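Following: one structure in structure tokens, then a few remarks.
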Amino acid sequence: MQSPFWNVNRPAAVPADINVPKTAAETASTTSRLMEVLDSNNHGNVHGGVIMRMVDESAAIVAIKHSRRPVVTKRIDQFTFIAPAYIGDVVHIHCQMNYVGRTSMEVGVEVMAESLGTGELRRICSSQVVYVALDENRQPTPVPPLQATTPEEHNRIQRAKAKRDRILQLEKELDAEFK
Ligand SMILES: CC(C)(COP(=O)(O)OP(=O)(O)OC[C@H]1O[C@@H](n2cnc3c(N)ncnc32)[C@H](O)[C@@H]1OP(=O)(O)O)[C@@H](O)C(=O)NCCC(=O)NCCS
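In structure tokens, the structure reads:
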């Protein structure tokens, strides 16, 4: 694959060794950004699409750190906004790996808004984003397994796997019914 111009001065990526498991702590990432006027909708709240884009970008960091590969977004799970974020708030996107399959990775995302004047934190939404790692031919390629370091992490991985299996099954049934 030819390097695009923005990669010219960057060292070549070294794909992660798929025989060496990684922990969620190794790749967890938080992105924070002050919300400005250009992030606003007509009511002065932060536009939902701004948050969705931040979530996709922030969660991708986790998947790239895990695989050290280019990744593409395969699925974004439910996106229910519980509370608004306002212009002048700092939006924090906390992301950590929930589950890793053979080529796919599910990143759990928690979005918080911080009112800078008071320090008050509000939960805005949570979601899960699934990425697939790609090889040089843009085909899905294996990634390292996810290693649990505590019983809680083990449970989180099992729950994410059970949910993923149900969603894939449901998608198959809906495809068959409504095609
Ligand atoms: C990502 C892509 C290359 C995968 O192709 P594919 O034919 O689905 O590949 P596979 O069937 O081998 O599936 C790859 C992985 O995705 C998983 N997957 C497939 N469909 C899925 C779904 N609906 N939800 C979650 N995971 C899914 C598979 O289980 C597999 O994971 P595993 O290897 O961990 O078991 C292809 O779908 C693609 O290019 N999609 C567009 C991506 C993109 O452009 N995103 C940005 C949107 S603008």
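Per the working numbering, residue 148 is the first one in the sequence shown, and the count goes up by one each step.
A virtual CB, placed ideally from N, CA and C, is assigned to each residue, including glycine.
If you're wondering where the values come from, they're calculated on a predicted model, not measured in any experiment.
Cα-Cα separation, residue 208 to residue 238:
17 angstroms
Does residue 283 pass the burial test, meaning 16 or more other C-beta atoms within 10 Å, or should it be called exposed?
exposed
Residue 317 (DSSP reduced to helix, strand or coil):
helix
If you draw a straight line from the C-alpha of residue 224 to the C-alpha of residue 187, how long is it?
24 angstroms
Can you pull the DSSP bridge partners for residue 223?
276
Along the beta strand (DSSP E) that carries residue 201, what are the first and last residues, could you check?
Not the beta strand (DSSP E): residue 201 falls in the alpha helix (DSSP H), residues 195 to 214.
Since residue 183 is in the alpha helix (DSSP H), which residue starts that stretch and which ends it?
Per DSSP, residue 183 belongs to no alpha helix (DSSP H) and is neither H nor E.
Measuring only from the beta carbon, is residue 219 closer than 6 angstroms to any heavy atom that is part of ligand 1?
It does: the Cβ of residue 219 is within 6 angstroms (strictly closer) of some heavy atom of ligand 1.
Compute the minimum distance between the beta carbon of residue 250 and the heavy atoms of ligand 1, and state whether it is under 6 angstroms.
yes
Close-in-space but distant-in-sequence residues of the same chain around residue 240 (CB under 7 angstroms, 5 per side omitted)
177, 178, 201, 202, 205, 256 and 258
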